[in-house]
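J.:
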Amino acid sequence: MRVATTLGQPLIQRCAIVSRAGPRGGPIRQLVQSRWSSTNNPPGQRKNSFRGEARPPWSSFSPSVDERPLRYDLQDDNRRSSAEEPNNTARKPEQLGYMTEEVLKRWGRDRLPRDLEITDPWIMVIQNDNPPKKMSTQAIIRFMTPEKSLRMLEPFKPADPTVEDSKPKLALCKVVVKSEEYKHMKSLKAKKRIEKGVDPKTLTITWNIGPKDLKVKLKRLMRFLNMGCKVDVQLYSKKNGMPACMDQAEELVTNLRKTVVEAGFKEYKCEGVVMGSMIFTFAPKEGYKTPHLAPKSRKAGPQPVVSWARAEQNDGVVEKAEG
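If you count the sequence shown from 1, position 258 lands on 258 in the UniProt record's numbering, and the numbers rise without skipping.
(1) Can the beta-carbon of residue 155 be found closer than 8 Å to that of residue 96?
(2) Please report the straight-line C-alpha distance between residue 229 and residue 157, rounded to a whole angstrom.
(3) Classify residue 33 as helix, strand or coil using the three-state DSSP reduction.
(4) Assuming contact is defined by CB atoms lying nearer than 8 Å, are residue 235 and residue 278 in contact in what I supplied?
(5) Within a Cβ cutoff of 8 Å, which residues of the same chain sit near residue 147, ignoring the five residues on either side of it in sequence?
(6) At which residues does the beta strand (DSSP E) containing residue 246 begin and terminate?
(7) Buried or exposed for residue 173, please, with buried defined as at least 16 other CB atoms from any protein chain shown within 10 angstroms of its CB.
(8) According to the Cβ coordinates, are residue 221 and residue 233 closer than 8 Å?
(9) What is the residue span of the alpha helix (DSSP H) that residue 141 lies within?
(10) With residue 256 and residue 231 assumed to form a contact (beta carbons below 8 Å), what rounded beta-carbon distance in angstroms separates them?
(11) Tell me which residue opens and which closes the beta strand (DSSP E) that residue 152 is part of.
(12) How many whole angstroms separate the CB atoms of residue 114 and residue 150, which I take to be in contact at a CB cut-off of 8 Å?
(13) Exposed or buried, which one is residue 141 when buried takes at least 16 other CB atoms within 10 Å?
(14) For residue 143, does the count of other Cβ atoms within 10 angstroms reach 16, so buried, or fall short, so exposed?
(15) I'd like the list of long-range same chain contacts for residue 324, defined as Cβ closer than 6 Å, with 5 residues on each side in sequence excluded.
(16) Quick check on this structure: which residue in 263, 193, 273 has the alpha carbon closest to the alpha carbon of residue 249?
(17) Determine whether the beta carbon atoms of residue 124 and residue 190 lie at a separation below 8 Å.
(18) So, do the segment 103 to 112 and the segment 133 to 140 have three or more beta carbon pairs nearer to each other than 8 Å?
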């Protein structure tokens with residue numbers, strides 16, 4: 001077959017000889033470029049400076065392509081990765097996914113992250129009260145059961161640049177059982193509530209108080225005591241008020257003490273004189289627990305059926321109960 005010599009420069013075609021190791025692997029990898037020279041005749045045979053073989057007529061004249069030594073895929077990939085990928089040690093912990101104190105402030109929650117909220121690649125994990133162990137966050141979450149939860153106790157602390165040989169400290173996490181953690185938190189809240197105590201309450205009663213008003217005051221006193229509060233009751237004489245007799249004042253003191261003691265509470269202090277200024281201090285006994293008030297029960301029975309009928313006289317809606 002004859003080819004005309006006046007066709008000019010042909011198109012450039014490239015092909016690669018691929019080994020079983022892949023397009024970049026193996027010692028037989030070569031880049032072959034088919035290109036004619038500017039003249040009609042192909043270039044002559046020339047010496048290959050690398051292999052010591054004759055240069056094929058279809059090879060290029062670029063030493064950067066044809067005369068570069070062939071490397072194995074592993075060596076080439078290592079050099080490429082070291083040149084292209086940035087060094088992780090030079091990146092900030094926030095860019096690597098570690099949740100520092102600044103990240104938690106931007107997070108805006110009043111607690112530390114837990115379970116899938118933790119983005120740290122590596123953490124120190126406490127399991128079954130054992131010493132902390134470095135583990136991958138994804139690995140431990142993958143094998144987490146629904147009854148357990150991963151809770152962060154301390155966030156990640158980066159290295160201090162002002163201290164020599166300072167190293168970062170990974171976040172400290174713990175695997176907890178949800179039911180046990182709930183009971184523990186409930187006991188802590190109850191203990192904190194007992195230590196804090198309840199704000200004391202104050203009631204004022206006049207010596208000439210009426211029976212109905214006294215009943216309201218005693219009801220409020222018992223409500224405060226049932227809440228576990230300490231109550232100070234002050235008895236005094238009101239200016240421009242009706243004077244009270246001694247028998248009425250003594251009956252008031254007796255009724256007050258009797259109501260509190262019969263309910264199971266205790267009188268801690270009594271100061272003052274009858275018909276003058278007198279202060280009683282009542283409080284629950286030690287170990288008192290606030291009773292759980294059950295919801296009020298409703299009477300069982302058929303509910304009335306309500307029907308709506310339009311009145312013809314005033315064109316209004318009248319509600320009627322049937323049954």
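Here a beta-carbon is modelled for each residue, glycine too, at the ideal position from N, C-alpha and C. Quick caveat, the model's predicted, so the values are computed rather than measured.
T.: The answer reads as follows:
(1) Residue numbering aside, residue 155 sits at position 155 when the sequence shown is read from its first letter. Residue numbering aside, residue 96 sits at position 96 when the sequence shown is read from its first letter. Not closer than 8 Å, so no.
(2) Your numbering for residue 229 matches position 229 in the sequence shown. Your numbering for residue 157 matches position 157 in the sequence shown. Taken atom to atom, the span from the alpha-carbon of residue 229 to that of residue 157 is near 44 Å.
(3) For the purposes of this step, residue 33 is identified with residue 33 of the sequence shown, where counting begins at 1. With a pLDDT of only 40 at residue 33, under the threshold of 50, the placement of this residue in the model should not be trusted; the figure read from the coordinates follows. Correct three-state label for residue 33: strand.
(4) Here residue 235 corresponds to residue number 235 of the sequence shown, with the count starting at 1. Here residue 278 corresponds to residue number 278 of the sequence shown, with the count starting at 1. Yes; because the gap between Cβ atoms is below 8 Å, this pair is in contact.
(5) Taking the first residue of the sequence shown as position 1, residue 147 is located at position 147. Contacts found: 177, 178, 179.
(6) Counted from its first residue, the sequence shown places residue 246 at position 246. The continuous stretches of beta strand (DSSP E) do not include residue 246, which lies in the alpha helix (DSSP H) extending over residues 246 to 262.
(7) The residue given as residue 173 occupies position 173 in the sequence shown. With 16 or more Cβ atoms within 10 Å of its Cβ, residue 173 is classed as buried.
(8) The residue you call residue 221 lines up with position 221 of the sequence shown. The residue you call residue 233 lines up with position 233 of the sequence shown. Pairing residue 221 with residue 233 gives a Cβ-Cβ distance under 8 Å.
(9) Indexing the sequence shown from 1 puts residue 141 at position 141. It spans 137 to 142 - the alpha helix (DSSP H) in which residue 141 sits, taken as one unbroken run.
(10) Residue numbering aside, residue 256 sits at position 256 when the sequence shown is read from its first letter. Residue numbering aside, residue 231 sits at position 231 when the sequence shown is read from its first letter. Actually they do not touch by this definition, with Cβ atoms about 11 Å apart.
(11) In the sequence shown, residue 152 corresponds to position 152, counting from 1. 148 to 154 is the extent of the beta strand (DSSP E) around residue 152.
(12) On the sequence shown, position 114 is the one that residue 114 refers to. On the sequence shown, position 150 is the one that residue 150 refers to. Contact flag correct, Cβ pair sits at about 6 Å.
(13) Position 141 of the sequence shown, counted from the first residue, corresponds to residue 141. That one is exposed.
(14) Within the sequence shown, numbered from 1, the residue matching residue 143 stands at position 143. By the neighbour-count definition (other C-beta atoms within 10 Å, threshold 16), residue 143 is an exposed residue.
(15) Here the chain has residues from 1 to 323 only, and residue 324 is not among them.
(16) Residue numbering aside, residue 249 sits at position 249 when the sequence shown is read from its first letter. Measuring C-alpha to C-alpha distances from residue 249 to each of 263, 193, 273 identifies 273 as the nearest.
(17) Here residue 124 refers to the residue found at position 124 of the sequence shown. Here residue 190 refers to the residue found at position 190 of the sequence shown. The Cβ atoms of residue 124 and residue 190 do not sit closer than 8 Å to each other.
(18) No, the segment 103 to 112 is not in contact with the segment 133 to 140.
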